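A.B. asks:
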Amino acid sequence: MKKYTIEKYSDPNGTKRWDIINHLIKQNSYLNYLEIGVNDAECIRKIVIDHKDGVDPLPGAEVGGGNYPEINYPITSDQFFDFIKGHDIKYDIIFIDGLHHSDQVDKDIINSLNHLAPNGVIVMHDCNPPEYEIQLVPRQTGIWNGDVWKSLVKLRCTNPNLEINVVDADWGVGILKVGSQQVYSKESLEKCLNYQYFDNNREEMMNIISVDEFYKKY
Numbered sequence: 005m006k007k008y009t010i011e012k013y014s015d016p017n018g019t020k021r022w023d024i025i026n027h028l029i030k031q032n033s034y035l036n037y038l039e040i041g042v043n044d045a046e047c048i049r050k051i052v053i054d055h056k057d058g059v060d061p062l063p064g065a066e067v068g069g070g071n072y073p074e075i076n077y078p079i080t081s082d083q084f085f086d087f088i089k090g091h092d093i094k095y096d097i098i099f100i101d102g103l104h105h106s107d108q109v110d111k112d113i114i115n116s117l118n119h120l121a122p123n124g125v126i127v128m129h130d131c132n133p134p135e136y137e138i139q140l141v142p143r144q145t146g147i148w149n150g151d152v153w154k155s156l157v158k159l160r161c162t163n164p165n166l167e168i169n170v171v172d173a174d175w176g177v178g179i180l181k182v183g184s185q186q187v188y189s190k191e192s193l194e195k196c197l198n199y200q201y202f203d204n205n206r207e208e209m210m211n212i213i214s215v216d217e218f219y220k221k222y
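Under our numbering, read the sequence shown as residues 5 to 222, first letter to last.
1) Who are the near neighbours of residue 6 in its chain, counting only those whose CB is closer than 8 Å to its CB and skipping five residues on each side?
2) Since residue 53 and residue 88 are thought to touch, with beta carbons under 8 Å apart, how far apart are those beta carbons, to the nearest angstrom?
3) To the nearest whole angstrom, what separates the beta carbons of residue 25 and residue 51, a pair I think is in contact under 8 Å?
4) Within the same chain, show all residues whose beta-carbon is closer than 8 Å to that of residue 213, passing over the 5 residues directly before and after it, in chain order.
5) Would you mind stating whether residue 95 and residue 38 have Cβ atoms separated by less than 7 Å?
6) Between residue 201 and the rest of its own chain, which residues show a CB-CB distance below 6 Å, the 5 nearest in sequence each way excluded?
7) Between the C-alpha atoms of residue 79 and residue 174, what's the straight-line distance to the nearest angstrom?
8) With H, G and I counted as helix, E and B as strand and the rest as coil, what does DSSP make of residue 159?
9) Please give the ranges of any alpha helix (DSSP H) in the stretch 15–71, keeping only runs that are unbroken, at least 4 residues long and fully inside the region.
10) Indicate the three-state DSSP secondary structure (helix, strand or coil) for residue 93 in the structure shown.
11) Does the pairing of the stretch 114–128 with the stretch 64–71 give three or more beta-carbon distances under 8 Å?
12) Go to residue 2, then tell me how far its alpha helix (DSSP H) extends in each direction, as first and last residue.
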């Protein structure tokens, strides 16, 4: 039986990304939150914190539009980070859930690290796609994670100055912070970015932890 399935991650009673984000906020007394990719504001509305900024160029695009005051920056993430470049703007916690193409996620991570407060954390959605089809780019399915997983694999294989985990909940919730790690070096980066290799080695490559392990560690 497969450990990671569409049915498991579709369970409405499972732990969700906002549960993880709110736990990190409470444990660390965070004050400032940035969400990249707000869509219909389902997540950002559930976040309990003093200050929130929401970035999305197409508010509510996946649900037919609408009015979303939580999106105070209705622009792309590239435009947003260019807008605040040169300003000492830092966020305690940044949630990346924008365009699910790894080349864009790579840029969102780099820009987020540049605006992350000391002891801050980056949270990422859709990091553990359970099936090949739902991670294909361009999108070919209704349920879609994109290839966000590739961005974390690149960092696991190349950057010793980060601490990375993926929580086994809500399509894989990535947690990334400045720290240290033993980079994954069992195969070339090219091979690690092959979905079949990823599927066979995802637990070690992504440092996957259970929800209970997350609450104990963080």
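Using N, Cα and C, we set each Cβ at its ideal position, and we do this for glycine too.
Treat the numbers as computed from the prediction; the structure is a model and nothing was measured.
C.D. replies: Once the coordinates are examined:
1) Cβ neighbours of residue 6 within its own chain (closer than 8 Å, five residues either side excluded): 134.
2) That pair is no contact at about 18 Å.
3) 6 Å
4) 169, 170, 171, 172, 221
5) When the beta-carbon positions are compared, residue 95 and residue 38 come within less than 7 Å of each other.
6) 195
7) The alpha-carbon atoms of residue 79 and residue 174 are separated by roughly 26 Å.
8) In this structure, residue 159 counts as helix in the three-state DSSP scheme.
9) 21–32
10) coil
11) no
12) One cannot answer for residue 2 here, as it falls past the ends of the chain, which runs 5 to 222.
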